Amino acid sequence: LGTARRDGAMAAVLGVEALGPGPWPTEDPFLFAVHHDDRFPPGGPDLGPHRSLLRGRNIGADFGHADWNMYHGETVPGFPKHPHRGFETVSVVRHGCIDHTDSLGCAGRFGGGDVQWMTAGRGISHTEMFPLIDAKAENRVELFQIWLNLPRARKMAAPSFKMLWGEQLPRIRSEDSQGRKVDITLIAGALEGLAPPSPPPASWASEPEGGLAIWTGRLDPGAAWEVPPGPAGANRAVYLFGPGAKAASVDGRPLRGECKVKLRADVAARIAAGDRETEFLLLQARPIGEPVVQHGPFVMTSREEIRQAFADYQRTGFGEWPWPSDSVVHAREEGKFAKYADGHVERPHSENIVAA
């Protein structure tokens, strides 16, 4: 339940855990969180790295490089066709872009601060490819992907996705008397009277009692921001990443590098930057509190449901694949767009692929 500080107030920090190069530790209802930050070379005619740069890489499973990774892509980096069932993916793309196609016939290109919120529900197959749009300069692709569990009663919801374009996301900006700035972006969860677009209806984020929040923040050197008290009983974590994490502090506790700081949700906590810009991701929600049985891309509540998921996928593929390949990328000159299952095409006003 937390401990008291010397001044008698309840301490906000419940624990600190160092972050490694792979997925970050999460708590119910969050299943998975990963931060990718690749500095890809200029793109070739096929929107992938030039062939000569692929020598010596484990194509098909290329992970763990300090500069850039092909992941499961063979020509273009990314994640070719793969299935999901029983949860949601929230993809927050801060630099570069992702090309999406799926078994519903949907497609899209998004990035530069955009968020795709996909409900896998009863099952979907999709691709997430990272086209190298710039043929002359570095192609940076930086993103978070967060897996959010679905309650048992909604695991078989109809699959869908929704775009939260960067221009739609509320941002709270402040500046102190010395000109030091704080910039908070709201992806889910209201703050200071501002609320982002509504999440998909089947999502735990749509439950008022869920208290779910996904926020990102950037602090100038020397700046500070107070995370306000949230709902009692929620799991709340702040992930500090990048070089600034080495000099930052949370609730007066100095940090030594990239880390997850577990917070008591109903107590305010002060995040302070040191001598470098500091960035963070905040994940918060009350737990669903149901069994979690996961096998690869399927997340259910029992082993029998997992066996059924595999059987259903082998039988149906979660829908007929309407695309010419398992790793589709859109044309280099294509702008941002989202094509939905009903044929409707949506485009944002901004074409920027670098977050503001």
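Here my numbering is used: the first residue of the sequence shown is 681, the next is one more, and so on.
A virtual CB, placed ideally from N, CA and C, is assigned to each residue, including glycine.
All of these numbers come straight from a predicted model, not from anything done at the bench.
Residue i, DSSP secondary structure in three states
i: Phe824; result: strand
i: Pro876; result: coil
i: Tyr1098; result: What the structure shows of the chain is the stretch from 681 to 1036, and residue 1098 is not part of that stretch, so it cannot be assessed.
i: Ala949; result: strand
i: Lys926; result: helix
i: Pro709; result: coil
i: Ser857; result: coil
i: Ser840; result: strand
i: Glu754; result: coil
i: Pro934; result: strand
Reference residue i; option with closest CA among the options
i: Pro831; options: Gly766, Asn819, Arg789 and His1010; result: Gly766
i: Thr799; options: Lys816, Thr896, Pro908 and Lys835; result: Lys835
i: Thr781; options: His775, Glu768, Ser805 and Val795; result: Ser805
i: Arg1012; options: Gly902, Lys816 and Asp900; result: Lys816
i: Glu726; options: Gly753, Ile852, Pro880 and Arg987; result: Looking at the sequence itself, residue 726 is Asp, so the reference to Glu does not match. Among Gly753, Ile852, Pro880 and Arg987, the Cα nearest to that of Asp726 belongs to Gly753.
i: Arg719; options: Pro880, Leu812 and Glu697; result: Leu812
i: Glu970; options: Glu847, Gly744, Phe710 and Ala868; result: Phe710
Rounded separation between residue i and residue j - CA only
i: Glu808; j: Val1034; result: 18 Å
i: Ile894; j: Val770; result: 10 Å
i: Gly688; j: Pro888; result: Interpretation of Gly688 is limited by its pLDDT of 45, a score under 50 that renders its predicted location unreliable; the figure taken from the coordinates is listed afterwards. Each residue's alpha carbon lies about 31 Å from the other.
i: His762; j: Phe990; result: 12 Å
i: Ala684; j: Val947; result: Because Ala684 carries a pLDDT of 49, less than 50, the predicted location of this residue cannot be relied on, and no value is offered for it.
i: Phe978; j: His764; result: 6 Å
i: Ala965; j: Gly803; result: 24 Å
i: Pro934; j: Pro1004; result: 52 Å
i: Pro911; j: Ala692; result: 13 Å
i: Val1025; j: Ala1018; result: 6 Å
i: Ile739; j: Tyr751; result: 8 Å
Extent of the continuous beta strand (DSSP E) run through residue i
i: Val979; result: Phe978 to Met980
i: Pro760; result: Gly758 to His764
i: Tyr919; result: Asn915 to Phe921
i: Asp782; result: Cys777 to Asp782
i: Gln964; result: Thr958 to Ala965
i: Arg832; result: Where Arg832 is concerned, there is no enclosing beta strand (DSSP E), given that its DSSP letter is neither H nor E.
i: Ala893; result: Ala893 to Leu899
i: Glu847; result: Counting along the chain, Glu847 falls outside any beta strand (DSSP E), and DSSP gives it neither H nor E.
i: Glu697; result: Val693 to Ala698
i: Cys939; result: Cys939 to Arg944
Cβ of residue i within 8 Å of any chain D Cβ
i: Thr958; result: This model lacks chain D altogether; it includes just one protein chain.
Completely contained beta strand (DSSP E) runs for the stretch 791 to 819, where each covers 3 or more residues: Runs found: 794 to 799 and 804 to 809.
Entirely enclosed beta strand (DSSP E) segments - the stretch 708 to 744, minimum 3 residues: 710 to 720
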